[in-house]
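Trainee:
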Amino acid sequence: MKVKFYGVRGSLPVCGREFEKYGGNTSCFRILRERVNRIAIVDAGTGIRNLGKEIVENGINQNIINIVFSHFHWDHIQGFPFFQPAYNPLQRIGILAMGRQGKIKDLKGIFSTQMQEDYFPIQMEMMGAQFEFLSYGDEEVIQGARVSSIPQFHKQSGGSYGFRLDDEGVSLVICTDLEHVNGIDQDIVEFARDADLLIHDGQYTKQEYENKFKGWGHSSWEHAVEVAIKANVKRLIITHHDPDHNDAFLDDLEKQCQKILPNALFAKEGMEVSV
Ligand SMILES: [Zn+2]
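With the working numbering applied, the sequence shown corresponds to residues 16 to 290, in that order.
1. Can you tell me the Cα-Cα spacing of L265 and F281, whole angstroms?
2. Just reading off the alpha helix (DSSP H) that F264 is part of, what are its end residues?
3. Inspect the beta-carbon positions of P216 and K249 and report whether they are closer than 8 angstroms.
4. Would you tell me roughly how many angstroms separate the C-alpha atoms of Q93 and G60, rounded to the nearest one?
5. Can you list, in chain order, the residues of its chain whose CB lies under 6 angstroms from that of K245, leaving out five sequence neighbours each side?
6. Starting from N81, trace the beta strand (DSSP E) both ways and give me its first and last residue.
7. The alpha helix (DSSP H) that contains A246, what's its start and end?
8. Which first and last residues belong to the beta strand (DSSP E) in which S172 is found?
9. What does the alpha-carbon distance come out to for the pair I174 and I119?
10. Along the chain, where does the alpha helix (DSSP H) that runs through E147 open and close?
11. Buried or exposed: which applies to D192, given that a residue is buried once 16 or more other Cβ atoms fall within 10 Å of its Cβ?
12. Count the C-beta pairs between the stretch 145 to 157 and the stretch 103 to 122 that are closer than 8 angstroms, then say yes if the count reaches three, no if not.
13. May I ask whether a heavy atom of ligand 1 can be found less than 7 angstroms away from the beta carbon of D192?
14. Quick one: does the C-beta of D90 sit closer than 7 angstroms to a heavy atom of ligand 1?
15. Please tell me whether L187 and M16 are closer than 8 angstroms, where the distance is taken between their beta carbons.
16. For ligand 3, is there any heavy atom lying closer than 7 angstroms to the beta carbon of G25?
17. Taking C-beta to C-beta, are G39 and V29 nearer than 8 angstroms?
18. Using only CA atoms, which one of S172, Q201 and G159 lies nearest to G184?
19. Whose CA, out of V83, Y219 and P136, lies closest to the CA of G230?
20. Helix, strand or coil for R291, going by three-state DSSP, please let me know.
21. Please determine if the stretch 163 to 182 and the stretch 122 to 130 are in contact, where contact requires at least 3 C-beta pairs separated by less than 8 angstroms.
22. Give a yes or no on whether the C-beta atoms belonging to R24 and H233 are separated by under 8 angstroms.
23. When you compare only the Cα positions, how much space is there between I303 and S26?
24. Taking 7 angstroms as the cut-off, does the CB of S42 come closer than this to any heavy atom belonging to ligand 1?
Here it is as structure tokens:
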């Protein structure tokens, strides 16, 4: 299994020379299951634009492209109208809300609203692809892979969902946009237990979190490290970088993090890792 990062910024895209190394696009990852040669996408922040271009350029022999959503805040959906495969009438696109079976009244409306004519020139029904809106339970087998989900605290319990994918004998856990409110959330630790790779929110430093951002719905990189150690994960990658954190600042945080976990990384746009 491989994960490629197309957007690792939290909250808002940024650009400028001081953001070139880690990248400015908001959340979007591509998972490649090599055994079956299938991709799945996690979130549709602005990073999905480049991923869509790549899919169109290289072609894709896959009847349905699934996009799994951690939640639907702006930075996780704002690239969706620019996802080129969604304009191909022959393409099926699955919009997946894991763990939310029976909890979302209008999944389609979340996407069509952001494209209504007050906000965007093209409406969702004009895009052309065949969309399927699917809400799943906590544990599912999707196209042969076991996918689990967990409600996370993001402004409220269940404000976002984490995922775990067990396939090809390895496990990948993605927990972004979550806050550890009263110490580390033990449910998240158990969910990530023994994972080969944990990708975890680390928007703030501990100091920033404690001084300014308690209650904003995110973790510090120190929280992510604590989860990784307690859960005995093999590797940690930190994502959802704050738009105020430039390359030099993130390089410094990555060095501090690697003093504790030498193989940990801060996610960079364009980076691909094997799980
Ligand atoms: Zn976010």
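Note that beta-carbon positions come from the ideal geometry of N, C-alpha and C, so glycine has one too.
Mentor: Inspection of the coordinates gives the following:
1. Straight-line Cα distance between these residues: approximately 8 angstroms.
2. D262 to I275
3. Sequence inspection shows Asp at residue 216; the Pro mentioned does not correspond to that position. Contact: no.
4. 5 angstroms
5. V204
6. I79 to V83
7. W236 to A246
8. S172 to D182 is the span of the beta strand (DSSP E), which, as asked, contains S172.
9. A quick correction: the sequence has Gly, not Ile, at residue 174. Each residue's alpha carbon lies about 12 angstroms from the other.
10. Run containing E147: none in the alpha helix (DSSP H); it sits in the beta strand (DSSP E), Q145 to S150.
11. Classification for D192: buried.
12. At 8 angstroms Cβ cutoff, the stretches touch.
13. yes
14. Yes, ligand 1 has a heavy atom inside 7 angstroms of this Cβ.
15. It is a contact, given that the beta carbons lie within the stated cut-off.
16. You won't find ligand 3 in this model; what it holds is ligand 1.
17. yes
18. G159
19. Y219
20. Residue 291 lies beyond the range of the chain shown here (16 to 290); nothing can be said about it.
21. With a cut-off of 8 angstroms on Cβ pairs, the stretch 163 to 182 is not in contact with the stretch 122 to 130, counting fewer than three such pairs.
22. no
23. The shown model of the chain, from 16 to 290, leaves out residue 303, and the question about it has no answer.
24. Yes, ligand 1 has a heavy atom inside 7 angstroms of this Cβ.
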